[in-house]
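Going by UniProt numbering, the first residue of the sequence shown is number 1, and it counts up by one from there.
Where is the CB? At the ideal position from N, CA and C, for every residue including glycine.
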Amino acid sequence: LHLPPGGPAHMASERPEVQPPPPRARHGKPVLRVATWDLQRCSSDKANNPGVKEVVCRTLLERDIKLLAVQDLADQQALDKFCTELNQPTLSSVCNWKGPRGVWKCAASGKPTGESSNGSEYSGFLWDSSAGIQLKEAEVLESAAANGNGNDAQPKAYLGHFYIGSSELTVVNVHLRPPLAPKQQNGRSHKSCELKAHRLSPGMQETLRGVKNVLVVGGFGLPPDNAQFAALKKEKLSALVPSSVNTNISTKAPQGSSCLDNIWASRSIKKLYT
Numbered sequence: 001l002h003l004p005p006g007g008p009a010h011m012a013s014e015r016p017e018v019q020p021p022p023p024r025a026r027h028g029k030p031v032l033r034v035a036t037w038d039l040q041r042c043s044s045d046k047a048n049n050p051g052v053k054e055v056v057c058r059t060l061l062e063r064d065i066k067l068l069a070v071q072d073l074a075d076q077q078a079l080d081k082f083c084t085e086l087n088q089p090t091l092s093s094v095c096n097w098k099g100p101r102g103v104w105k106c107a108a109s110g111k112p113t114g115e116s117s118n119g120s121e122y123s124g125f126l127w128d129s130s131a132g133i134q135l136k137e138a139e140v141l142e143s144a145a146a147n148g149n150g151n152d153a154q155p156k157a158y159l160g161h162f163y164i165g166s167s168e169l170t171v172v173n174v175h176l177r178p179p180l181a182p183k184q185q186n187g188r189s190h191k192s193c194e195l196k197a198h199r200l201s202p203g204m205q206e207t208l209r210g211v212k213n214v215l216v217v218g219g220f221g222l223p224p225d226n227a228q229f230a231a232l233k234k235e236k237l238s239a240l241v242p243s244s245v246n247t248n249i250s251t252k253a254p255q256g257s258s259c260l261d262n263i264w265a266s267r268s269i270k271k272l273y274t
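And the structure:
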């Protein structure tokens, strides 16, 4: 859809009709679905576009997602647009949803979690509080690494500490870009330091140590079998998406080529995973 940033106030939806999913349960207990989504430089203007808003909101409703970790927000207000649409819908496709719509809340990192040539980026969470989810606190995990100018060059994780009913869950939201291809110079390949600049924070293992219910989610830039993730494995976390599943899919490359996004789960969460 080629629409202006704000988009028209109303538009006819071409989205196919989807029936609400049946209530999910495992061993007699309700199931809560968690997801991660790289929104690719999503600004308030982009989030206000009816086409974008419809895709995000309807995907959450149709897939019965109750807790969403979001990466690559261009500003802190973008998530508010989706939250407002879910709670007070204006689009016909959201208004006409026949299933429970929930009561949505959101939180964005108060400071940037990454920098790129396009500017600062933020991370966030979007959750359905009617599912018994409550945000206890959220914080940006500062990186111990800095570049030669003294500015932090490492992407930072955004930690959310949630209550789900009487249980606690820590969600670590990360956004690591894949390494650039080696630069060509005089017919020879020269490795860049890009991989070093986009790796897990050195403090990640310390943060995870001793925490029982943990999910590390988002974009990792590399397949889960890469040696960079030894720290996660040392803390007994397992990748839920295997390396054989390509996640970098797009309309131009629907099959994808690599497994770059994932959800790493602690032992206690892995036992509950379906």
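- The shortest CA-to-CA distance from residue 90 to any of 112, 54, 246 and 238 is the one to 54.
- 219 is the residue among 249, 118, 248 and 219 whose C-alpha sits nearest the C-alpha of residue 156.
- Rounded to the nearest angstrom, the gap between the Cα atoms of residue 78 and residue 113 is 15 Å.
- Classified as buried, residue 102 has 16 or more neighbouring CB atoms from the shown chains inside 10 Å of its CB.
- The Cβ-Cβ distance between residue 259 and residue 223 falls below 8 Å.
- Cα atoms of residue 25 and residue 180: separation of roughly 43 Å, rounded to the nearest angstrom.
- Cβ atoms of residue 124 and residue 177 stay farther apart than 8 Å, at about 18 Å.
- As a beta-bridge residue in DSSP terms, residue 121 pairs with 114.
- The straight-line gap separating the alpha-carbon atoms of residue 88 and residue 72 is approximately 25 Å.
- Within the same chain, Cβ atoms closer than 7 Å to the Cβ of residue 248 are found at 256, 257, 258 and 260, the five residues on either side in sequence being excluded.
- At the C-beta level, residue 164 and residue 61 stay beyond 8 Å of one another.
- One thing to note: residue 74 has its Cβ no nearer than 8 Å to the Cβ of residue 36.
- For residue 81, the CB contacts under 8 Å within the same chain, skipping 5 residues up- and downstream, are 44, 47, 48 and 53 in chain order.
- By the CB criterion at 8 Å, residue 159 and residue 138 fall inside the cutoff.
- The DSSP-derived three-state label of residue 171 is strand.
- As the crow flies, the alpha-carbon of residue 63 is around 10 Å from that of residue 18.
- When rounded, the separation of the alpha-carbon atoms in residue 162 and residue 235 is 20 Å.
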